[in-house]
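**Q** With our numbering, the residue at position 91 of the sequence shown is 278, and numbering never jumps.
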Amino acid sequence: MKTKIGPKDRIVPLPIVLVVCGTLKRPNIITVGKVGVVASDPPVIGISIRKTRYSLELIRANGEFSLNTPSSGQCTQTDYCGIVSGRDCDKITAIGMTPLQGSCISAPILEECPYNLECRVLREIDLGDWVLFLAEVLETLVDEDKLLDPVTGRVDVEKIDPIVYLGSTDEYRRLGEVVGRGFQEGRRLVRE
């Protein structure tokens, strides 16, 4: 039996990323859980940011940002960047991370995050208290030791060790065990 719990803004679990905006001279960072891939060719991601956030102003001003995947060991820094405003402090210095100049955007990436996307805003959509940015991924950077295959760009997710967020319990968690392979498991149900 299903129980109705009303409309929620949660998918279980939510990926968590650190979005860096601004410039190398004056960067800002925000934790974002409202994020997802929305297209593959060209690669486009969507992030939603509350209108009251300082990062919104910086993304609008520059039209670019980096999306950085933190590892589970960076949980404290990730949470901090979601509860403190960049209007009031330099969050990147406070969490001890290193901004590096993006390879093709003015916004920096975070050296300590093992997986980084450099993004340029394509479109902005007003969603009440939130703004959805649709952005093309211009470049993907990954720590060399996190690659399974440097030729294809396949990454070792276990080495990246990303965290996810469970909004219903306010918990950060690691990913679990592999339970199947995409585009293969369903073939068992295909009738020939």
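Note that the Cβ used here is the ideal one computed from N, Cα and C, for glycine as well.
All values derive from a computational prediction rather than experimental measurement.
Looking only at C-alpha atoms, which of Thr256, Glu244, Cys291, Asp336 sits nearest to Ser299?
**A** First, the amino acid is wrong: residue 299 is Glu here, not Ser. Comparing Cα positions, the closest option is Thr256.
**Q** Is Ala226 helix, strand or coil when you go by DSSP?
**A** If DSSP states are grouped into helix, strand and coil, Ala226 belongs with the strands.
**Q** Buried or exposed for Cys268, going by 16 or more other Cβ atoms inside 10 Å?
**A** The residue is buried, with at least 16 neighbouring Cβ atoms inside 10 Å.
**Q** Of the residues Cys276, Ile296, Asp316, Pro202, which one's Cα is nearest the Cα of Thr210?
**A** Residue Ile296 is the option with its Cα nearest to Thr210.
**Q** Could you say which of Ala281, Val324, Thr263 lies nearest to Glu305 if we only look at CA atoms?
**A** Nearest option by C-alpha distance: Val324.
**Q** Mapping DSSP to helix, strand and coil, what is Ala322?
**A** If DSSP states are grouped into helix, strand and coil, Ala322 belongs with the strands.
**Q** Where does Cys208 fall in DSSP's three states?
**A** Strand, per DSSP.
**Q** Can you find the residues in the same chain that come closer than 6 Å, C-beta to C-beta, to Met284, ignoring five residues on each side of it along the sequence?
**A** Closer than 6 Å at the Cβ level, and outside the excluded window around Met284, lie Leu297, Glu299.
**Q** Using 8 Å as the Cβ pair cut-off and three pairs as the minimum, do the segment 230 to 249 and the segment 306 to 318 touch?
**A** A contact exists between the segment 230 to 249 and the segment 306 to 318.
**Q** Based on the DSSP secondary-structure assignment, which residues constitute the bridge partners of Asn215?
**A** Looking at the DSSP assignment, Asn215 forms a beta bridge with Cys208.
**Q** Can you tell me whether DSSP reads Ile270 as helix, strand or coil?
**A** Correct three-state label for Ile270: helix.
**Q** Going by DSSP, what residue range makes up the beta strand (DSSP E) through Thr256?
**A** Run containing Thr256: 251 to 256, per the beta strand (DSSP E) assignment.
**Q** From which residue to which residue does the beta strand (DSSP E) around Glu358 run?
**A** Looking at the DSSP string, the run of the beta strand (DSSP E) that includes Glu358 is 358 to 361.
**Q** Given a cut-off of 8 Å on the beta-carbon distance, is the pair Thr387 and Ile203 in contact?
**A** Here the chain comprises residues numbered 188 to 379, so residue 387 is not present and cannot be evaluated.
**Q** Do you know how far the Cα of Lys212 is from the Cα of Pro200?
**A** Distance between the alpha carbons of Pro200 and Lys212: 34 Å.
**Q** Is Asn255 near the ligand ATP, with its Cβ less than 7 Å from a heavy atom?
**A** This structure simply doesn't include the ligand ATP, nor any ligand for that matter.
**Q** Sort Lys333, Tyr359, Cys291, Gly354 by Cα distance to Lys195 and report the nearest one.
**A** Residue Gly354 is the option with its Cα nearest to Lys195.
**Q** Could you tell me which residues DSSP pairs with Arg237 in its beta bridges?
**A** Arg237 is bridged to Trp317.
**Q** Would you call the CB atoms of Gly250 and Val329 closer than 8 Å?
**A** Against a cut-off of 8 Å, the Cβ pair of Val329 and Gly250 comes out as no contact.
**Q** The alpha helix (DSSP H) spanning Ile347 covers which residue range?
**A** From DSSP, the alpha helix (DSSP H) with Ile347 extends over 344 to 347.
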